[in-house]
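Trainee: Quick one: the structure is below, and I'll ask about it shortly.
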Amino acid sequence: MTRSCDVVVIGSGAGGAPVALALAEAGVDVVIVERGPRYTQADFVHDELRVARRDFFVPSARTDPHIVVSGGGEPERTNEGWVASCVGGGTVHMSGFFYRFAAADFRVREILGAIAGAEHANWPISYEEMVPYYAQVEATMGISGPADEGPHAPPRQSPYSMPAVNTHPAAVLLDEAAKALGVHAFKTPRAIITRPFAQRQACVYCGLCGGFGCEVGAKSSTLDSLIPQAEATGHCQVLAETMVTHIERRLDGRASGVVVRSLARGEDGSADERIAAKAVVVACSAVESARLLLLSDLNDNGQVGRHLMFSTLAKAHGSFRLGKNATRDDLLRPSSAFLGRSVLDYYMGGKGSALKKAGALNFLFPSGGPISQSEMVAAGHFAPALQHPGGGLKAGEVLWGPALKKALRHYWHEQRQLDCEGFGEYLPTPGTRVELDPQVKDRFGLPVARILIDRHPHDAEVSGFLADRAAELLEAAGADSVWRSSIGGRTMHLPMGCLRMGEDKDTSVVDRDGRLHFSSNVFATDGAVFPSSGGVPPTFTILANSFRTGAAMLAAAKALQI
Amino acid sequence: MNRRDAIATLVAAAASLGAGLWWWRRGSTQGAIAGALHGDDGCVTGSTVKGRPVFPQRYARTLQALLECLVPEENDAPSLRVGAASLGVFAYIAREVTHESMQSSHRLLMRGAAVTERVAVIGQGVPFLEQSAEQRQVTVEALVDGAGDSASFEGATFIRRLVGFALEGMFADPRHGGNRDGRGWQALAYTMPQPFAPACHGGSSG
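Structure below.
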């Protein structure tokens, strides 16, 4: 069977939905092909086991794995590297910490200079060119933030259209600590609406954002914001539970459409269907976007899959013992949702460090529900003061018996923990890339993505620096014990790179407008096009850049015949 | 225990392990493990496979005794007194491992139960189910330290997995068979925000 449209958009998350909306609003007929199901708010119950621990949002490693080879070790079959497989993509289960990239994030090569073993590059565009599209995201999705983000936040032309989420009383401790250390803590901007917006209900402060869908639609996922708007134009159709297996290409190099298979329950997915299109947009998130181009033999210059990045992650934790100080207890005990403080003072390094660029600090309560938090206690990551007698737990060990009960009791009843996540620059290296696995196939017999990871030492320097700064703030806030974790960690749910944006056709895959150098009607709009990871989570910038690519496609409508 | 008795006990333990694995493999060969016990709404509706219990009775009892050891009831504790037994953790596990994606975990638990029995007898001369609480702790410590390890089994991995299951069984939504009446959440003083999942149809919540 064959159907046709003007533009096929592959993926419905942060990369796919904005460009689809931009095109549909202009009267272009768009089909969004989404591999995963279309959930509704009724599906978003607070069942931690089902939603957050049993592959509710991502494919199973049994049927659709990635193969990860890290640091030259043994290949591991996993579903890491999948951001999501559902309409709305990762925006459905994201925590929604929404920071703009700084101007420096677009000039990483210029700032850091050449570093042996790293392949970082400047973007071919500037922060100023992205500004109107950040504003478009805010206007169409609903982003809440503070009136004052301090002197280190990227410049804004107008304030947030709605106030920041209400924050927990304990945030006062961080505010005072920041003041004492001469840094600026501000309310974290979120993709959460704090007042009714576009027929959506404001946040009810359940606190289960990350890892869960929002049962009231207050989280600004593309499922609840951009996709309904696109469909309402009458020019956008979403095909859920449908997977693109390859992009068809004509002899002149242009795409003629895509081939898809159904994953819907009850169908065996054995029949191919074609969707003919005048242009194709790839937005499956970095790893799968690269995989699709490789499966489609769309890699004329050999650059597809290269320059893979994630976000360098640092973590620090502070435990505040209850019962020491009644005034402090009154600040710590309430069970409201959001700690909500960020610090950008160390974005460009500082504090005597040789680092020229570092990243952001995001202060929050331990994430996840009671199962995951209790697991962290059992593994010795939380409440380390009560680790197993004998000097702490070794990797892979776990508390059990009375020691486990004691640690759980301490964590849940005797203290309050405040966490900090640091997001830092992740340098691309020749050894960090996506390929097609030579052996493992998915359910359709197609080679799966093989993710090779070879970290640059600079990442651990950045991570350690951010963890130290976070620990200083937690100590200044009065934490009774402070510890660091995840030094040099990575966030595999924030993949970037693989289809790098650039002017040089020999070292990049897409041009400044997201168009493939070697196929004039194929575009990419997800994090795959990023030349640098930035020092903040990339989702806000992915959305903005997707709108920007949509504008570029409309400007080239005549050539694209759309 | 004299040498003859020790050998006899070892043989019996090995036979028990072999019998359990044969029982499970026979079930697997017949396609016993399937996702069919999960309804469309995700509710688990039973803990048998084609009318046969998920675990042989002896292994079930060993696993339950292990769980009591790993997460004990503590009636004199200032808080969080409940343990795996009173929260229905084994009922949760017995249902959860019937899911297709849990086959390797099911095998691990079966193997772990058998190895636990062997380590108990070899280490202290008393079957695990007849050991005192203190003796059971010694057996678990031996398991974690590798007393029953082989090329295909690690006691530390088994205990870690069982603790993970215990935490799920204690703190997951009661619709999955554990966390009886939400008492696991109460023990943490944790208020799970609404909405929970709807009540299951035709199955007990443990």
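Residue numbers (the numbering used here), protein chains in the order written: chain A, 1 to 562; chain B, 1 to 206.
Backbone N, C-alpha and C fix where the C-beta goes; we use that ideal spot for every residue, glycine too.
#1: Taking a cut of 7 Å between CB atoms, which residues from the region 154–166 of chain B lie near chain A?
#2: For proline 495 (chain A), is the classification buried or exposed, using 16 other Cβ atoms within 10 angstroms of its Cβ as the cut-off for buried?
#3: On the DSSP bridge list, what partners appear for isoleucine 487 (chain A)?
#4: Identify the contact partners of proline 193 (chain B) in chain A, using a Cβ-Cβ distance below 7 Å as the criterion.
#5: Which word fits lysine 405 (chain A), buried or exposed, when buried means at least 16 other C-beta atoms lie within 10 angstroms of its C-beta?
#6: If we cut at 8 Å on Cβ distances, does alanine 77 (chain B) have a partner in chain A?
#7: List the DSSP bridge partners of leucine 452 (chain A).
#8: Kindly indicate which three-state DSSP category glycine 318 (chain A) falls into: helix, strand or coil?
#9: Which full runs of the alpha helix (DSSP H) of 4+ residues lie inside the region 92–159 of chain B, going along the chain?
#10: Looking only at its own chain, which residues have a Cβ that is under 6 Å from the Cβ of methionine 553 (chain A), when we skip the five neighbours before and after it?
#11: In chain order, which continuous runs of the beta strand (DSSP E) of length 3 or greater are located wholly inside the region 324–359 of chain A?
#12: Output yes or no for whether 8 Å exceeds the beta carbon distance between glycine 27 (chain A) and histidine 235 (chain A).
#13: Cα separation between methionine 162 (chain A) and isoleucine 193 (chain A)?
#14: Are the CB atoms of valine 280 (chain A) and valine 522 (chain A) within a distance shorter than 8 Å?
#15: Taking Cβ-Cβ distances shorter than 7 Å, what residues in chain B pair up with isoleucine 371 (chain A)?
#16: Which residues in chain A have a C-beta closer than 7 Å to the C-beta of glutamine 137 (chain B)? List them in chain order.
#17: Whole-angstrom Cβ separation of alanine 14 (chain A) and threonine 140 (chain A), contact assumed at under 8 Å?
#18: Quick check: the region 125–134 of chain B against the region 77–96 of chain B, are there 3 or more CB pairs under 8 Å?
#19: Rounded to the nearest angstrom, what separates glycine 569 (chain A) and alanine 20 (chain A) at their Cα positions?
#20: When DSSP builds the beta bridges, which residues end up paired with proline 163 (chain A)?
#21: Using a beta-carbon distance below 8 Å, is valine 71 (chain B) in contact with chain A?
#22: Is leucine 408 (chain A) close to chain B, meaning its C-beta is less than 8 Å from at least one C-beta of that chain?
#23: Output, in chain order, the set of chain B residues within a Cβ distance shorter than 7 Å of leucine 49 (chain A).
#24: Using the beta-carbon of each residue, which ones in chain A are nearer than 7 Å to leucine 188 (chain B)?
#25: Near glutamate 73 (chain B), which residues of its chain fall below 8 Å by C-beta distance, leaving aside the five closest residues on each side in sequence?
#26: In terms of alpha-carbon separation, which member of B:Val89, B:Glu68, B:Ala60, B:Pro78 lies closest to glycine 184 (chain B)?
#27: Check each candidate in A:Val204, A:Leu361, A:His184, A:Tyr347 and name the one with the smallest Cα separation from glycine 422 (chain A).
#28: Since glutamine 201 (chain A) and valine 216 (chain A) are thought to touch, with beta carbons under 8 Å apart, how far apart are those beta carbons, to the nearest angstrom?
#29: Which residues in chain A have a C-beta closer than 7 Å to the C-beta of serine 101 (chain B)? List them in chain order.
#30: Measuring only the C-alpha atoms, how far is histidine 458 (chain A) from leucine 427 (chain A)?
#31: For phenylalanine 212 (chain A) and phenylalanine 44 (chain A), which I take to be in contact (beta-carbon distance under 8 Å), what is that distance rounded to the nearest angstrom?
#32: Keeping to the same chain, check which residues put their C-beta closer than 6 Å to that of arginine 512 (chain A); ignore five residues upstream and five downstream.
#33: Are the C-beta of leucine 54 (chain B) and some C-beta of chain A separated by less than 8 Å?
#34: For asparagine 362 (chain A), which residues does DSSP report across the bridge?
#35: Nearest CA to the CA of valine 33 (chain A): which residue from A:Glu74, A:Ile115, A:Ser85?
#36: Below 8 Å, how does it come out for the region 87–106 of chain A and the region 405–416 of chain A: are there three or more Cβ pairs, yes or no?
Mentor: Quick answer:
#1: Within the region 154–166 of chain B, those residues whose Cβ lies closer than 7 Å to any Cβ of chain A are, in chain order, Ala156, Ile159, Arg160, Val163, Gly164.
#2: For this step, residue 495 (chain A) is matched to residue 495 along the first sequence. Proline 495 (chain A) is buried by the Cβ-count criterion.
#3: Here the question's residue 487 (chain A) lines up with position 487 in the first sequence. In DSSP, isoleucine 487 (chain A) forms no bridge with anything.
#4: Walking along the second sequence from the start, residue 193 (chain B) turns up at place 193. Within 7 Å Cβ-Cβ: His46, Cys206, Gly207, Leu208.
#5: In the first sequence, counting from the first residue as 1, residue 405 (chain A) sits at position 405. Lysine 405 (chain A) counts as buried, since no fewer than 16 other beta carbons sit within 10 angstroms of its beta carbon.
#6: For the purposes of this step, residue 77 (chain B) is taken as residue 77 along the second sequence, with counting starting at 1. Yes, its Cβ sits closer than 8 Å to a Cβ of chain A.
#7: Looking up residue 452 (chain A) in the first sequence gives position 452. BP columns for leucine 452 (chain A) point to A:Val69, A:Arg433.
#8: What you label residue 318 (chain A) is simply residue 318 of the first sequence in a count that begins at 1. Correct three-state label for glycine 318 (chain A): strand.
#9: The qualifying runs are 103–124, 133–144.
#10: Here residue 553 (chain A) is taken as the residue at index 553 of the first sequence, counted from 1. Cβ within range, chain order: n/a, list empty.
#11: Within the region 324–359 of chain A, the complete beta strand (DSSP E) runs of at least 3 residues are 341–343.
#12: Within the first sequence, residue 27 (chain A) is the residue found at index 27, counting from 1. Within the first sequence, residue 235 (chain A) is the residue found at index 235, counting from 1. Yes, Cβ-Cβ distance for glycine 27 (chain A) and histidine 235 (chain A) is below 8 Å.
#13: Taking the first sequence and counting its residues from 1, one reaches residue 162 (chain A) at position 162. Taking the first sequence and counting its residues from 1, one reaches residue 193 (chain A) at position 193. C-alpha separation (whole angstroms): 7 Å.
#14: The residue given as residue 522 (chain A) occupies position 522 in the first sequence. The residue given as residue 280 (chain A) occupies position 280 in the first sequence. Valine 280 (chain A) sits close to valine 522 (chain A), with the two beta carbons spaced by under 8 Å.
#15: Start at 1 with the first residue of the first sequence, and residue 371 (chain A) comes out as number 371. Correct list: Leu167, Glu168, Phe171, Ala172.
#16: Numbered from 1 along the second sequence, position 137 holds the residue referred to as residue 137 (chain B). What glutamine 137 (chain B) touches in chain A: Gly401.
#17: Within the first sequence, numbered from 1, the residue matching residue 14 (chain A) stands at position 14. Within the first sequence, numbered from 1, the residue matching residue 140 (chain A) stands at position 140. With 8 Å as the limit, alanine 14 (chain A) and threonine 140 (chain A) do not qualify as a contact, their Cβ atoms being about 13 Å apart.
#18: These segments do not touch.
#19: Shown here, chain A extends from 1 to 562; a query on residue 569 (chain A) therefore has no answer.
#20: As a first step, residue 163 (chain A) must be located in the first sequence, where it is residue number 163. In the DSSP output, where bridge partners are listed per residue, proline 163 (chain A) has A:Gly145.
#21: Position 71 of the second sequence, counted from the start, is the residue given in the question as residue 71 (chain B). Yes, contact with chain A.
#22: Here residue 408 (chain A) is taken as the residue at index 408 of the first sequence, counted from 1. So, interface residue.
#23: Position 49 of the first sequence, counted from the first residue, corresponds to residue 49 (chain A). In chain order: Glu168, Ala172, Asp173, His176.
#24: As a working mapping, residue 188 (chain B) is identified with position 188 in the second sequence. Within 7 Å Cβ-Cβ: Pro370, Trp412.
#25: Here residue 73 (chain B) refers to the residue found at position 73 when the second sequence is read from its first residue. Non-local beta-carbon contacts of glutamate 73 (chain B) in its own chain, meaning distances under 8 Å to residues more than five positions away in sequence, involve Arg81, Val82, Gly83, Ala85, Ser86 in chain order.
#26: Counted from its first residue, the second sequence places residue 184 (chain B) at position 184. It is B:Val89.
#27: In the first sequence, residue 422 (chain A) corresponds to position 422, counting from 1. Ranking A:Val204, A:Leu361, A:His184, A:Tyr347 by Cα distance to glycine 422 (chain A) puts A:Leu361 first.
#28: For this step, residue 201 (chain A) is matched to residue 201 along the first sequence. For this step, residue 216 (chain A) is matched to residue 216 along the first sequence. Right, their Cβ atoms sit about 5 Å apart.
#29: Looking up residue 101 (chain B) in the second sequence gives position 101. Taking a Cβ-Cβ cut-off of 7 Å, the neighbours of serine 101 (chain B) in chain A comprise Ser60, Arg62, given in sequence order.
#30: Within the first sequence, numbered from 1, the residue matching residue 458 (chain A) stands at position 458. Within the first sequence, numbered from 1, the residue matching residue 427 (chain A) stands at position 427. The alpha-carbon atoms of histidine 458 (chain A) and leucine 427 (chain A) are separated by roughly 7 Å.
#31: For the purposes of this step, residue 212 (chain A) is taken as the residue at position 212 of the first sequence. For the purposes of this step, residue 44 (chain A) is taken as the residue at position 44 of the first sequence. So it is a contact: roughly 6 Å between Cβ atoms.
#32: Taking the first residue of the first sequence as 1, we reach residue 512 (chain A) at position 512. Contacts found: Pro124, Ile125.
#33: Within the second sequence, residue 54 (chain B) is the residue found at index 54, counting from 1. Reading the sequence as shown, one finds valine at residue 54 (chain B) and not leucine. Output row for valine 54 (chain B): interface = no.
#34: In the first sequence, residue 362 (chain A) corresponds to position 362, counting from 1. Paired residues: A:Ser342, A:Glu421.
#35: Taking the first sequence and counting its residues from 1, one reaches residue 33 (chain A) at position 33. Ranking A:Glu74, A:Ile115, A:Ser85 by Cα distance to valine 33 (chain A) puts A:Ser85 first.
#36: The region 87–106 of chain A is not in contact with the region 405–416 of chain A.
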